[in-house]
DNA sequence: CGCTTATTTGAATGACCGTTCAAGAACTAT
DNA sequence: ATAGTTCTTGAACGGTCATTCAAATAAGCG
């Protein structure tokens, strides 16, 4: 027996960045060996192939995003304020225009949709879990009487994530920062309106 | 002198389909010669290279979409009803799950952002023109007293296109058809609410 | 300490990529 | 009709791609 020498999380985060920057197809194995510090054989030994590395990186991404989500929605502040902070954080990510701040899930989904059904399903499931987490927070807000709408929490969550998807695409057209803020504000108002 | 033998529009629409189906990077010249019926040399003679073919295809796409937009917003029906029909059409496109019905502009934007600034600018400008067309229709609706909001038409248009961007991404997660309809309905209500 | 098993190394491999090119074909202009 | 120009043809090119492999190395386990 022998254990792998490399730090799996570090390697996967490096691969994530590379995939986010260039996309899956344009990221060569050479790019990946450079980014991860691993030699081709090691990558193939640990992840089977380039596609396997993407799948592993997607898993790491989901875990990281999930942790991040937890930090935003923990604590005993008002849920509506947590949403506000979360949206604000997302807008700031979009504004930074840093490729490392894009959403790997939607980026990869857009690239492989209609090409790799297994990965499409995997990503869709990840996004659905995120959406469910948001629905739970809406439900909580309702229970706290912070949100008086009669709308279904699931529906609200879907609309909210749709808004964020849209915001991220809109950001790629390089609008001014305050335009993005306005859009996020509008989304917030529409979701939390009575 | 000698004129090109092929039908430029047909060629560009074939290239469009190929790019929409596989994305720019994964569409090989072999795919393109097969799709267009042109030989490599002809493509290079007419479009300089693969990237030039994408740019030309993007232009054709914009023209086609522009014509389509015109048919939806011509006539003397109420502007709000035209918007309803337009949204409905977009939802039906999303539901069809046909790769040929995706939006080439957003798909390509997502792929080349941070990689090819010139194309990113080109696509962003195309999307902005679409957005301006929508803003004009909102302005018209206001003039007709169909839309009583105090919100700026430009802002409404940005929010509307953001919603459509989001809807298209959401559709890639393969939701049920009525879920997409609900989301589009909500968008319509939020935009046209007093 | 030695045996087994796994990982690491990095060069090698064959396939396919985008692009070029020289030759032939066809249109225009004279 | 014919010269001149441009387009078409499709094979060929160098480069890069994802992947493999055999040798070297190191960890687990008795």
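Chains as they are written, first to last, in the working numbering: chain V, 10 to 203; chain G, 10 to 203. Virtual Cβ for every residue (Gly too), placed ideally from N, Cα, C.
For residue 184 of chain V, no alpha helix (DSSP H) segment is defined, and its DSSP state is neither H nor E. When rounded, the separation of the alpha-carbon atoms in residue 18 of chain V and residue 74 of chain V is 14 Å. Less than 8 Å divides the Cβ of residue 171 of chain G from the Cβ of residue 192 of chain V. Judged by beta-carbon spacing, residue 112 of chain G lies beyond the 8 Å limit of residue 189 of chain G, meaning their Cβ atoms are not closer than that value.
A Cβ-Cβ separation of about 6 Å places residue 135 of chain G in contact with residue 114 of chain G under the 8 Å criterion. Relative to the Cα of residue 200 of chain V, the nearest Cα in the group V/181, V/176, V/169 belongs to V/169. Rounded to whole angstroms, the Cβ separation of residue 27 of chain V and residue 16 of chain V is 16 Å, and the two are not in contact under 8 Å. Listed along chain G is no residue with a C-beta nearer than 8 Å to that of residue 144 of chain V; the closest approach is about 13 Å. The C-alpha of residue 177 of chain V is placed about 12 Å away from the C-alpha of residue 177 of chain G. Look at the segment 100-131 of chain G: the residues with a C-beta under 7 Å from a C-beta of chain V are 108, 115, 116, 118, 119, 120, 122, 123, 124. Taking CB atoms only, residue 175 of chain V has a neighbour in chain G less than 8 Å away. Approximately 7 Å separates the beta-carbon atoms of residue 131 of chain V and residue 64 of chain V; this is inside 8 Å, confirming the contact. Here residue 162 of chain G really is in contact with residue 151 of chain G; their C-beta atoms are around 7 Å apart, less than 8 Å. Distance from the CA of residue 22 of chain V to the CA of residue 123 of chain G, rounded to the nearest whole angstrom, comes to 19 Å. The Cβ-Cβ distance between residue 167 of chain V and residue 195 of chain V does not fall below 8 Å.
Only 175, 176, 178, 179, 181, 182, 183, 188, 191, 192, 195, 199 from the segment 175-202 of chain V bring a Cβ to less than 7 Å from some Cβ of chain G.
Taking C-beta separations shorter than 6 Å and ignoring five residues to either side along the sequence, the partners of residue 186 of chain V in its chain run 104, following chain order. At a cut-off of 8 Å between beta carbons, residue 136 of chain V contacts chain G. By the neighbour-count criterion, in which a residue is buried when 16 or more other Cβ atoms sit within 10 angstroms of its Cβ, residue 154 of chain G is exposed. Counting only Cβ-Cβ distances below 9 Å, residue 133 of chain V has contacts in chain G at 181, 182, 183, 184, in chain order. In this structure, residue 59 of chain G lies near residue 38 of chain G, with their beta-carbon atoms less than 8 Å apart. For residue 34 of chain V, a Cβ of chain G is located within less than 8 Å of the residue's own Cβ. Within a 10 Å sphere around the beta-carbon of residue 116 of chain G sit 16 or more other beta-carbons, which makes this residue buried.
Interface with chain G (8 Å Cβ-Cβ cutoff): residue 25 of chain V is excluded. By the CB criterion at 8 Å, residue 197 of chain V and residue 93 of chain V fall inside the cutoff. Short of 8 Å from the beta carbon of residue 120 of chain V, and not among the five residues preceding or following it, lie these beta carbons of its own chain, in chain order: 32, 33, 34. In terms of Cβ geometry, residue 137 of chain G and residue 182 of chain V form a close pair [threshold 8 Å]. Residue 159 of chain G sits in coil when the DSSP states are folded into three classes, being neither helix nor strand.
The beta-carbon distance between residue 100 of chain G and residue 146 of chain G, rounded to whole angstroms, is 18 Å. This is too long to meet the 8 Å contact definition. Scanning chain G for C-beta atoms nearer than 7 Å to the C-beta of residue 168 of chain V yields 192, 195, reported in chain order. If only complete runs of 4 or more residues are kept, the segment 29-71 of chain V shows the alpha helix (DSSP H) at 38-45, 49-56, in order along the chain.
For residue 108 of chain V, the closest of V/174, V/180, V/12, V/84 by C-alpha to C-alpha distance is V/180.
Residue 68 of chain V has a beta carbon lying at 8 Å or more from every beta carbon in chain G.
The beta carbons of residue 174 of chain V and residue 174 of chain G sit closer together than 8 Å.
Judged by their CB atoms, residue 42 of chain V and residue 20 of chain V are not nearer to each other than the 8 Å cut-off.
Counted as a single uninterrupted DSSP element, the alpha helix (DSSP H) harbouring residue 92 of chain V occupies residues 88-105.
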